[in-house]
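Chains as they are written, first to last, in numbering that gives the first Met the number 0: chain A, 0 to 393; chain B, 0 to 473.
For each residue, glycine too, the CB sits at the ideal point set by N, CA and C.
All of these numbers come straight from a predicted model, not from anything done at the bench.
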Amino acid sequence: MQTDPTKRPMKFLPWLAALFVGAALTLLAVVLYYQTGGYSEANIPLRWNGADLQVARGQATALPDDPGAFTIQAADARGVILWTPPRWISAGLYGNLLWKITGLDDRHPLYPIWRTNDGKVGQAKQATKISSNLLDLRTEPDWQGTIMTLGLFIPGPLASPLIVRQLELRPAALTAREWLEQLWREWTAREDWSQRSINFASGATARPLGSPVLLIAIWMGLSGLLYGGWVLAAGQRLRPTPFVALFLLGWLLLDLRWQWELSGRLEHTVERFAGKDATSRRLADLDGELYRFLLDIGQRLPKRPVRLFIVSADPGGFLAGRAHYHLLPHNNYMGFLRPPTAAHEGDYVLILSPLPEVRFNPAPAKLEWEDGQLAVERLYEAPLGALFRVTGNS
Amino acid sequence: MEGFRVGLALIIPWLAGTLWVRALWRDARPGVWPLALGYGYLLGGLATVLLLRAQAAAGLPMDFAGPLIVLGLLALAGSGLAWRRILSAHPDLPPQKAKAPDETWQTLLFILLLGWLSWRCFGLAQEIEWRPLYPWDAWTTWMVRAKVWSELQQWVPFVDPQTWLTSAHGSAYTLAAWNYPETVSLLALWPTLAFGAWNETVALLPWLGIAVALGCGFYGQARLWGVSPLVALIFVWLLLSLPILDTHVALAGYADLWLAATFGLAVCAFLQWARTRDPWQGILALLLALACPWIKHEGLVWASLLLPAAVWVWTPRRYWPWLIGGFILLLVGWWAAGGFTFNIAGLGKIQLTPNIIRLPLVGRFELHYHDVWGPVIRNLLLLGNWHLFGYLLLATLLMSLPGIFAEPWRMAGAMLVIAGLLVLFILFFLTDAHHWARQYTSINRVFLHFVPALLFWIMTMLHIKVPTTPTESL
């Protein structure tokens, strides 16, 4: 039997209606869920005891009467820096900082600091000397995007000890409009490739207020229920096609967003690397400065492959690993905290700075460390490190 | 000239593999050419690796021309064989029917989807072209050997760091993961041999090829299953649009995409064999399953999952209760005996106890429960790694389990899926690998190994078979 073509669009109306009503219900449900304080990571205050904080600058000791706190006895003119453990924090969502620190005064006020996921460090313009208070970081212009770590900076030198007990970051109370704006900001956030990209794709921000995948699953699920209900109420038979279409539409929306994100990443790639030769591309890469240094190192090494030990404070880290790769095909390895005792005359040692534990003594030309030494000839030195040729066995 | 040679290095193995795979089937079934292109790329690449390893084992100098000539001859022989097969097939095509309006829409959608996928691949190809080698394991492990071999034009061995340190003037090199399989490094090396020097873009081109090959192989198998061209392409889109898979093409250099393609295409062929008993599908499944440990050590475990499923397919239906009973008895005996420990000559000790699992090549794992449901759910269902794949998998599992006993292939597929998910559960919930889940380091990469296979299984479960004629194109 032939269907009247003029009536065909009517077939889609219930499906479309279910889709739009499903979208509205999803948004409404999300806003209500968060507004009514429904359980979510987004609504939990983040707390760190003093003992949880990492002291990047200053000398700290534990307090015997309070295991959760510590005291900072001394700090030089560079002051005190404390960091929380890494955690993805949405700057749009969290903003109220509270602390319990005694010993602050006019000369030693507290400045909140933070590091974003793209490596930028921000510092609050506001400082405070009050030992326990609340500060709204959302008024700070640099408090944006995803915050990887939160910290505190207190100028030095310290006249008297500081006692650090607690740091707390509370989610801000958002209006419905602010919630929607926050959602939109998250969904339209574009991140560049990072070393984490190979392991996971966050799809918005790493700790989203509303995961696009989840929201689309809810949206399509609700729309499917509405449509199915309408079909059954109309006394018709359920067919799989409209439900498959809903699922594929949801997938397509996610894929459109992913394509948009990929296009943004490609724009960055083209901007940084396109049209350049291999060396220029390397220099434009995230370890370009190291690569320039290694080019200089390469000029001091013989053309034939030599055995080379890369010694650094972090042998399993990024810079040591990149140095290992860039210096190939020299027969090199980077797993050393100290020059190895197996080094022989004719081998080479590359020290990556900073490595204060290993010193070069020009007379009588030796690398020295706590329990060893190695006769070497210094071939090159730069702020990033130094190259030595081994002249005798250790 | 370098470009021409690199083109030869990529195309000749592909051509050889494609023609040999195409020659397996006499008739022009729908999907057989895309299938041949997909499986041919992978098998051609693996054959190249075999030739390079043979060259090294024979003590011959590293050479591009030798393997290329052998592959060229293989392609010639394959073309002769394929040509004879095609000629001996049904030569008379029935006249083309005029397309119904629905078919026109399907064709239009097919073209749009193909355009969308092509655009995606083009963007990913540009990332490979311009971005210097980027991801961590690529420059710490997989590309290190390829770069050394390519730059020195010599088969220098890689040894563990301690041996390297104590061998004062040896020619051996070292890296932390010195014992990882060489296949992926050799796949990267091959086009650079053609180029004549180390070049990262050239070394990473095979990653784009394997993504395209995975799509072709998947599409071909879907068509052979009886799925319409549009639905088959929709499933290819679902596969190739997955963010983690795309990332492993854009940031090429890891082995995971290769293992995902090899294991995935092995499972596709296995399910076809389980349904039709087509021996060539069985051979494709076997070849690719054997290649899995060659790519990553865990491939041995993934490939071994095919064995119980194959036993199920081989066993006549009347013996199924005995099989289930035997399995339960074995399980009870294993538990009562406190596990099994035995040696396999050439492989080493295998220990399977309730507290410890030790497998050759893979390692030793102490089993304790770790609650990592949070990270697992976040990665599979909330973050952007897999679009809606997690939901699709859960829904398919729920819908399909009641009917798994209907046919042997259904049960075989279900066994594979459940065993795969069980292995992932053991890995992430019971071993120290729970850290990988908590830190989001390899949970998605390991899951990626299973995704093409899972998606094909999902397609077989959701598909209501539509009869197709052998003359349908593609």
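Roughly how many whole angstroms lie between the Cα atoms of residue i and residue j?
i	j	result
GLY345/B	TRP333/B	24 Å
LEU328/B	LEU322/B	10 Å
MET410/B	GLY324/B	16 Å
THR395/B	GLY281/B	25 Å
ASN116/A	LEU287/B	41 Å
THR25/A	ALA175/A	14 Å
LEU386/A	ARG299/A	8 Å
ASP159/B	GLY362/B	16 Å
ARG236/A	LEU225/A	15 Å
PRO292/B	TRP229/A	52 Å
PRO107/A	LEU447/B	Pro is not the amino acid found at residue 107/A; the sequence shown has His there. Near 52 Å, if we compare the C-alpha coordinates of LEU447/B and HIS107/A.
ILE233/B	ALA17/A	24 Å
LEU461/B	PHE455/B	10 Å
VAL31/B	LEU116/B	20 Å
SER87/B	GLY77/B	15 Å
VAL143/B	LEU241/B	28 Å
ARG377/A	VAL357/A	14 Å
PRO466/B	LYS146/B	Residue placement at PRO466/B cannot be trusted, given a pLDDT of 41 that sits under 50; what the coordinates show is reported in the next sentence. If you take the alpha carbons of PRO466/B and LYS146/B, they lie about 51 Å apart.
What does the Cβ neighbour count give for residue i, buried or exposed, with the cut at 16 atoms within 10 Å?
i	result
HIS267/A	exposed
ALA249/B	buried
PRO44/A	exposed
GLU344/A	exposed
TYR38/B	buried
GLN181/A	buried
LYS302/A	exposed
MET219/A	buried
GLN271/B	buried
ILE376/B	exposed
PHE69/A	buried
TYR318/B	exposed
THR17/B	buried
TRP13/B	buried
Quick one, which of the options has its alpha-carbon nearest residue i's?
i	options	result
LEU238/B	MET458/B, LEU59/B, GLY402/B, VAL312/B	MET458/B
TRP279/B	TRP236/B, MET460/B, VAL248/B, GLN220/B	GLN220/B
ALA405/B	LEU108/B, TRP385/B, LYS295/B, ARG316/B	ARG316/B
GLY263/A	GLY249/A, GLN34/A, ARG189/A	ARG189/A
PRO382/A	ALA123/A, ASP295/A, PHE199/A	ASP295/A
LEU415/B	PRO29/B, LYS146/B, ALA265/B	ALA265/B
LEU192/B	VAL48/B, ILE442/B, LYS295/B	VAL48/B
ALA322/A	GLY297/A, THR340/A, PRO339/A	GLY297/A
LEU358/B	TRP257/B, ILE343/B, GLU181/B, TRP372/B	ILE343/B
GLY208/B	CYS267/B, ALA196/B, ILE127/B	ILE127/B
TRP385/B	GLN161/B, THR182/B, ASP245/B	ASP245/B
PRO239/A	HIS325/A, LEU247/A, VAL29/A	LEU247/A
PHE326/B	TYR253/B, ASP136/B, VAL310/B	VAL310/B
PRO241/A	ALA374/A, GLN258/A, VAL54/A, GLY223/A	GLY223/A
ASP346/A	TRP163/B, THR275/B, VAL5/B, TYR179/B	TRP163/B
VAL163/A	THR148/A, ALA126/A, ALA362/A, GLN72/A	GLN72/A
LYS275/A	ARG130/B, PRO33/B, PHE3/B	ARG130/B
TRP142/A	ALA158/A, GLN125/A, ALA244/A	GLN125/A
ALA124/B	PRO33/B, ALA210/B, ALA8/B, ALA57/B	ALA210/B
ILE417/B	TRP154/B, LEU453/B, LEU382/B	LEU453/B
ASP370/A	PHE152/A, PRO339/A, ALA55/A	PRO339/A
TRP301/B	CYS215/B, PHE449/B, LEU112/B, GLY338/B	PHE449/B
LEU168/A	LYS10/A, SER196/A, LEU349/A, ASP135/A	ASP135/A
Name the DSSP beta bridge partners of residue i, please?
i	result
VAL155/B	Its beta-bridge partners do not exist; DSSP assigns none.
HIS107/A	ASP104/A
LEU149/A	TRP113/A
ASN132/A	TRP98/A
TYR347/A	LEU307/A, ARG388/A
ASN331/A	LEU307/A
### Query
Listed in chain order, which residues of the region 212-227 of chain B have Cβ atoms closer than 9 Å to some Cβ of chain A?
none
#### Entry: Residues of the region 103-116 of chain A whose Cβ lies closer than 7 Å to any Cβ of chain B, in chain order
none
### Task
Below 9 Å between beta carbons is the criterion; list the residues of the region 110-130 of chain B that meet it against any residue of chain A, in chain order.
TRP115, TRP118, ARG119, GLY122, LEU123, GLN125, GLU126, GLU128, TRP129, ARG130
### Query
the region 170-185 of chain B: which residues have C-beta closer than 9 Å to a C-beta of chain A, in chain order?
SER170, ALA171, TYR172, THR173, LEU174, ALA175
### Task
Could you run through the region 324-349 of chain A and flag, in chain order, every residue whose CB is less than 8 Å away from some CB of chain B?
TYR324, LEU327, PRO328, ASN330, TYR332, GLY334, PRO339, ALA341, HIS343
### Query
Going along the chain, which residues of the region 362-380 of chain B sit with their C-beta nearer than 8 Å to a C-beta in chain A?
ASN378, LEU380
#### Entry: Within 7 Å of chain B by C-beta, residues of the region 349-380 of chain A in sequence order
none
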